[in-house]
Each structure stands twice: as structure tokens, then as C-alpha cells.
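Each number in the numbering used here corresponds to the 1-based position in the sequence shown with 66 added.
All residues carry an ideal CB built from backbone N, CA and C; glycine is no exception.
For clarity, every value in this text was computed on a predicted model and none was experimentally measured.
Below is one structure; the comments refer to it alone.
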Amino acid sequence: MTSALRYDYASASDTGRMRQNNEDALGVDAATGLVVLADGMGGYNAGEVASQLAVDGLMQRLAPWLAGAGRQAEPATLGPRLQSAIGETNQQILDAARRHPAWAGMGTTLVLAVLQAQGVQLAHIGDSRAYRWGPRGLQQLSRDHSLLQEQIDAGLIAAAQAHAAAHRHLVTRALGVEPGVQAELAWHPLQAGDGLLLCSDGLSDMLDEAGLSRLLDPDAPLQPTAQALVEAANQAGGRDNISLVLIRALGPAVPARRWWSRRRG
């Protein structure tokens, strides 16, 4: 019988060098393996409202279920449950915008992970990303929902030119923008030593895969690595808020603690 993995976590969030406030939000519940990261957009302070509503809403809808009936859920059960919670949270953001005219047009990207005994269930909307890293190298697991990605897929622009594209921040899918949004779901097996990086585009826009790989040392402690990634993104320009969660698969499971990490910076 294959031993269940356990996981270590670290997070960091920073306003960056060009923004006045931090519109990213993140949450980590180590006891259930639930990680949520959102990058808000739109209106004065509305981006940070949307991202925090997304994180709080998904934590409240999913963590209790994952702590109980959903603890051993198979992907065929877990995926629909995530879609349902995301749909309810999407409606919650839409309703909040209708009640508060100053928040009209707000929305947020989303990347979510549920860490399980043998792997991770991912869900994402927009251009916040998930990567796997470690002894097997760095691999982007998510695919951006953006106009730029659509043009790359259609062969209209080369991937090497993407960093200079003027429209690289235009997302084609976001939470809180329209009813019926669907997350993209994927389940990935993991093994001891594998790491995961969930991040907003404030990190991935500043550091390409080579830059990320240089800092993602499989043998280094996670929290100093998280801070090093933030510092490198700021040194590269820090044009946006920078938020990330690092996760490492460790080996046979032991009882996990529960903690939440909230916006800082």
C-alpha cells in the first residue's frame, strides 16, 4: 500500500513597487490541504474586495467539507464540488457588486489547490498560475485564460514575444464578472520531494521559468524561498502585487495543524 503524503506550506504577499495597495489575497488551511490564491481587479479598492470575497467564500464553503465527508474524495467527486463552491462564490461577488455601486466591474483571478494523499486537485480561472517544481524540474500545470494565451495557441504570436505584448494582462475568464463561470480542473499525482508554486501574475510576469527555477531549491526551507521570490520580483521591477504559496510533499502523513494566512503588505 502506498504511503500517504504530508505537506509543508509557506506563503508571502507584497504590494510591489508600483501599486499603492495589495489586491491579492490568499488562504491556507493545512489541516484540510486547501490553498486558495486570488488576484483582484477593477475599480477603487474593488479588486481587493473581490479577491478577499473569493478566498473567504471558498474557504468557508470547502474547508468544513474537506475536514469531514470530503477528506477521501476521489477526483470525480471533488471536481464537481469545487465547481459548485466556485459558482456560489462567483454569485456572491456579483451580488456584492450590485449592492455597492462603487464595486461595479470588480473581479478576480483564482488558483486553488486541494492536497490529497497521493496528489493535488487544481482549479483555476484567469492568469494566476500553478507550477510543479523539485527534482523533476519546473513545469507549469495551469494554462492562462488570457487573450495572449489564445493568440499564442493560434500561432499569432510567439511565446518568446509574450513578455513584451501590450495586452498580456487581458484575461478571458475571471471570477465575479459574469454568471456561470467555469474553472479549469486538473488532478496531478505527486511524489515525495515534489513542490508546488501557486502565484499571482505579479510573480510570473517578473520572473520567467529560468528565474523561478534558480530560486526554487528542492533542499531549501520554504519560507526563506518564498521571501526570496518576492524580493527577486521586486528587483525585476515589482510592477504588480506579488503573492505566492509554496508547498512541498514530504512523505508519510502525520496530523496536520490548521492556520490561515491573510493579505500582508
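Measure the Cβ-Cβ separation of residue i and residue j and say whether it is below 8 Å.
i: residue 94; j: residue 311; result: yes
i: residue 317; j: residue 258; result: yes
i: residue 106; j: residue 113; result: yes
i: residue 197; j: residue 207; result: yes
i: residue 298; j: residue 263; result: no
i: residue 136; j: residue 144; result: yes
i: residue 282; j: residue 291; result: yes
i: residue 80; j: residue 296; result: yes
i: residue 260; j: residue 294; result: no
i: residue 101; j: residue 313; result: yes
Around the C-beta of residue i, are 16 or more other C-beta atoms found within 10 angstroms, so that it is buried, or is it exposed?
i: residue 77; result: buried
i: residue 69; result: exposed
i: residue 142; result: exposed
i: residue 319; result: Model confidence at residue 319 stands at a pLDDT of 47, short of 50, so the residue's coordinates are unreliable and nothing is read from them.
i: residue 203; result: exposed
i: residue 280; result: exposed
i: residue 104; result: buried
i: residue 195; result: buried
i: residue 140; result: exposed
i: residue 132; result: buried
i: residue 395; result: Given that the chain is displayed from residue 67 to residue 331, the structure contains no residue 395 and the question cannot be resolved.
i: residue 134; result: exposed
Using only alpha-carbon positions, find the residue among the options that is nearest to residue i.
i: residue 53; options: 160, 142, 153, 198; result: Since the first and last residues shown for the chain are 67 and 331, residue 53 lies out of range.
i: residue 72; options: 274, 88, 96, 92; result: 96
i: residue 122; options: 142, 136, 92, 140; result: 92
i: residue 184; options: 255, 293, 84; result: 255
i: residue 111; options: 132, 85, 253; result: 85
i: residue 244; options: 157, 134, 133; result: 157
i: residue 252; options: 134, 108, 187; result: 187
i: residue 35; options: 308, 287, 300; result: Only positions 67 to 331 of the chain appear in this structure, which leaves residue 35 out of reach.
i: residue 167; options: 108, 301, 138, 193; result: 108
Which same chain residues end up closer than 6 Å to residue i when comparing Cβ atoms and leaving out the 5 residues on each side of it in sequence?
i: residue 306; result: 82, 268
i: residue 148; result: 189
i: residue 284; result: 200, 201
i: residue 163; result: 169, 170, 172
i: residue 165; result: none
Only counting the same chain, and skipping five residues up and downstream in sequence, which positions put a Cβ closer than 8 Å to that of residue i?
i: residue 249; result: 148, 149, 152, 176, 178, 189, 190, 191
i: residue 155; result: 119, 120, 123, 124, 127, 241
i: residue 247; result: 152, 153, 156, 191, 239, 240, 241
i: residue 303; result: 83, 84, 272
Among residues of its own chain, excluding the 5 on either side of residue i, which ones have a beta-carbon nearer than 7 Å to its beta-carbon?
i: residue 232; result: Confidence is the limiting factor: at residue 232 the pLDDT is only 48, short of 50, which leaves the residue's position unreliable, though a coordinate-based value still follows. No residues qualify anywhere along the chain.
i: residue 117; result: 89, 90, 91, 104, 105, 106, 174
i: residue 275; result: 204
i: residue 193; result: 175, 210, 211, 212, 237, 267
Exercise. Residue ranges of each beta strand (DSSP E) run of no fewer than 3 residues wholly in the stretch 96-155, ordered along the chain?
Worked result: As for any beta strand (DSSP E) of minimum length 3 sitting wholly inside the stretch 96-155, the runs are 100-107, ordered along the chain.
Exercise. At which residue ranges does the stretch 237-307 contain complete beta strand (DSSP E) runs of 3 or more residues, listed in the order of the chain?
Worked result: Counting only runs of 3 or more residues that sit fully inside the stretch 237-307, the beta strand (DSSP E) segments are 250-255, 261-265, in chain order.
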